[in-house]
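Take a look at the structure set out below.
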Amino acid sequence: MRLSKELKLPSISMTGFETPLSTEELAIQNSVHLFAKNVLRPLGQELDKLSAEEVIAPGSPYYSVFAEAAKLGLDSSLLEQLPPEMAVRVESLIGEEMGWGDPGLAISLAAAGFPLEMARAVGNQELMDLCAGKIGCWMITHPNKGSDVTTYDVQRDWAKGAPGNKGNMLATVGKDEIVINGQCSAWVSNGAVAQVALGYLGADYGDGYFAEDGRPNGVAAIIPLDLPGVSKGKPLRKIGQRSLPQGEIYFDNVKIPKRFAVALKDEYYGNHTSAWSYAGTHMGQTFTGVARAAFEMALQYVHERKQGGDLLINHQLTRFRIGDMLRRVELCRGVARRSLAYARMTPEGHAYATASAKVTITQEAMKVVDEAMQLYGGAGTSLEYPIEKLFRDTRAALIEDGENNLLTMRLGFLAQQLYAEGWAQN
Ligand SMILES: Cc1cc2nc3c(=O)[nH]c(=O)nc-3n(C[C@H](O)[C@H](O)[C@H](O)COP(=O)(O)OP(=O)(O)OC[C@H]3O[C@@H](n4cnc5c(N)ncnc54)[C@H](O)[C@@H]3O)c2cc1C
């Protein structure tokens, strides 16, 4: 037991009840916080008021985020130089600040670097050069293949006798070339502005689109989006994360060299689950930051607004509500970090495990944002206050990167699979 000699307020940091951060960690946290405060939050609020077309128009302030982010000098090579536990903490600190600033822009920046991260993960220098400095996106969902992209076991988790869902973006994989036809879904983050994509496609290797068990064959590839036959749809009009430009990308006989593939037939699903888990970890950190932002806004408001003859904070009911929000922010943070550590450090992670953390965090964040809005009273519903934007931004997160009910069902399915292997039968 560690004893305190006197009663003092606890150690507290920007990220709540934090164990002491090193000088280096504090420096990174502070510089990302300033970026979030001075660039992401005001830019996110400005873009929120524009139409989807205006956000992506040439000369839009949206594009400034990439140059500003580059000035921070933060990329995954920095994390690779750190001891694993520290790398997880630093990645969490960065992600939380980004979400605190603006979730739409945080997701946009993460998606922009996704193809490059994949090129680095497979160690392909040609693809790294191809992706560097470009706005990327991650095309995994198709118009008719939303939640179905998260089905891995068609024997036990699919309608009996029905073939799997091969989707609407299809590849014919030849000896040296891949030919792509179809389209991704309108939800692809950065789809409206991306210059390069990490795509997950149904694939025919000369023996049809399905394996014997009915599971679709696939190919994952880095796809430059300036090739002949690529075109874009209109940017998606939506209620939340309006600073994140989404939209369809169409492919009409688009040809890429086979060496642009990052996972062919046998490696496809392993790569798929790793990429999805990587995306999920970003969602966890981002929406922890959003929950904190809403909590801080509410905490400030209840120190300004008087009712019942006193400031709201001086009423016991308000203190309970503020305490309830704070413990939920801490819950988000704890789950986000544990799931990030599991994804980055465990020998064999799984996307369903990361996804389950994303469900907890986004649902808790939604509760915090909702309560913050309620504490603002009528002012919370006004466009003059920033809380309604967080409400819209967070609502989208309950579906983004997998719909939460569906993901929870997949976690139950994972428990079933693990039980069959002997887990939890002590
Ligand atoms: C803000 C945002 C950003 C996104 N970014 C990207 C991105 O970068 N790249 C990308 O590829 N996609 C992206 N998406 C797409 C996202 O992954 C999908 O929207 C999500 O997976 C759900 O798919 P869907 O919208 O087609 O819904 P559907 O799959 O059609 O689901 C509709 C409803 O049916 C239920 N349902 C589905 N399947 C079953 C089942 N088997 N049993 C019972 N109920 C079921 C679901 O729970 C849900 O309530 C993004 C979405 C949003 C909102």
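Under this note's numbering, think of the first position of the sequence shown as 5, with each following residue one higher. For each residue, glycine too, the CB sits at the ideal point set by N, CA and C.
When burial is assigned at 16 or more other CB atoms within 10 Å of the CB, is residue i buried or exposed?
i, result
"Tyr423", "exposed"
"Glu95", "buried"
"Gln289", "buried"
"Ala73", "buried"
"Arg331", "exposed"
"Ala198", "buried"
"Ala114", "buried"
"Gln429", "exposed"
"Phe324", "exposed"
"Gln311", "exposed"
"Leu394", "buried"
"Trp427", "exposed"
"Glu57", "exposed"
"Asn437", "Past the boundaries of the shown model lies residue 437; the chain is included only from 5 to 430, so the question cannot be answered."
"Ala175", "buried"
"Ala91", "buried"
"Arg124", "buried"
"Lys12", "exposed"
"Thr350", "exposed"
"Lys149", "buried"
"Glu352", "exposed"
"Ser55", "exposed"
"Pro220", "buried"
"Phe118", "buried"
"Arg414", "buried"
"Phe291", "buried"
"Gly313", "exposed"
"Met122", "buried"
"Thr385", "exposed"
Measure the Cβ-Cβ separation of residue i and residue j and say whether it is below 8 Å.
i, j, result
"Ser193", "Glu407", "no"
"Met132", "Leu120", "yes"
"Val441", "Leu379", "Within the shown structure, residues of the chain are numbered from 5 to 430, placing residue 441 beyond reach of any answer."
"Arg309", "Leu315", "yes"
"Cys141", "Gly195", "yes"
"Ala190", "Leu229", "no"
"Tyr66", "Pro249", "yes"
"Gly284", "Ala359", "yes"
"Pro390", "Gln49", "yes"
"Val363", "Thr398", "no"
"Met287", "Thr366", "yes"
"Leu109", "Leu44", "yes"
"Arg348", "Thr19", "no"
"Met329", "Ala279", "no"
"Leu82", "Phe39", "no"
"Val177", "Tyr209", "yes"
"Leu205", "Gly233", "no"
"Ala345", "Ala361", "no"
"Ala419", "Trp104", "no"
"Phe264", "Ile326", "no"
"Phe70", "Ile144", "no"
"Gln245", "Pro147", "no"
"Lys236", "Glu252", "yes"
"Leu25", "Ser15", "no"
"Gly99", "Gly293", "yes"
"Ala295", "Ala369", "yes"
"Asn172", "Gln159", "no"
"Asp52", "Ser247", "yes"
"Gln224", "Tyr272", "The question names Gln, but residue 224 is Ala in the sequence shown. Taking 8 Å as the Cβ cut-off, Ala224 and Tyr272 qualify as a contacting pair."
"Ile182", "Lys262", "yes"
"Asp256", "Phe417", "no"
"Leu97", "Glu29", "yes"
On the DSSP bridge list, what partners appear for residue i?
i, result
"Ala224", "Tyr204, Ala267"
"Tyr254", "Gln187, Ser235"
"Asp314", "Gln311"
"Ser17", "Gly20"
"Phe214", "Pro220"
"Pro261", "Glu181"
Which runs of the alpha helix (DSSP H) spanning at least 4 residues fall entirely within the stretch 118 to 146, listed in chain order?
Qualifying alpha helix (DSSP H) stretches, in chain order: 118 to 126, 129 to 135.
Inside the stretch 31 to 79 only - alpha helix (DSSP H) runs reaching at least 4 residues:
DSSP runs (the alpha helix (DSSP H)) wholly in the stretch 31 to 79: 45 to 52, 56 to 60, 68 to 76.
Where in the stretch 319 to 368 do unbroken runs of the alpha helix (DSSP H), each at least 4 residues long, occur, reported from the N-terminal end onward?
Counting only runs of 4+ residues, the alpha helix (DSSP H) found wholly inside the stretch 319 to 368 occupies 320 to 349, in chain order.
Ignoring anything shorter than 3 residues or poking outside the stretch 146 to 208, list the beta strand (DSSP E) runs there in chain order.
Those beta strand (DSSP E) runs which fall completely within the stretch 146 to 208 and span 3+ residues are 173 to 177, 181 to 187, 200 to 208.
Quick check for students: name the residue ranges of the alpha helix (DSSP H) that lie wholly in the stretch 363 to 427, counting only runs of 4 or more.
If we require 4 residues or more, the alpha helix (DSSP H) runs fully inside the stretch 363 to 427 come out as 391 to 401, 408 to 424.
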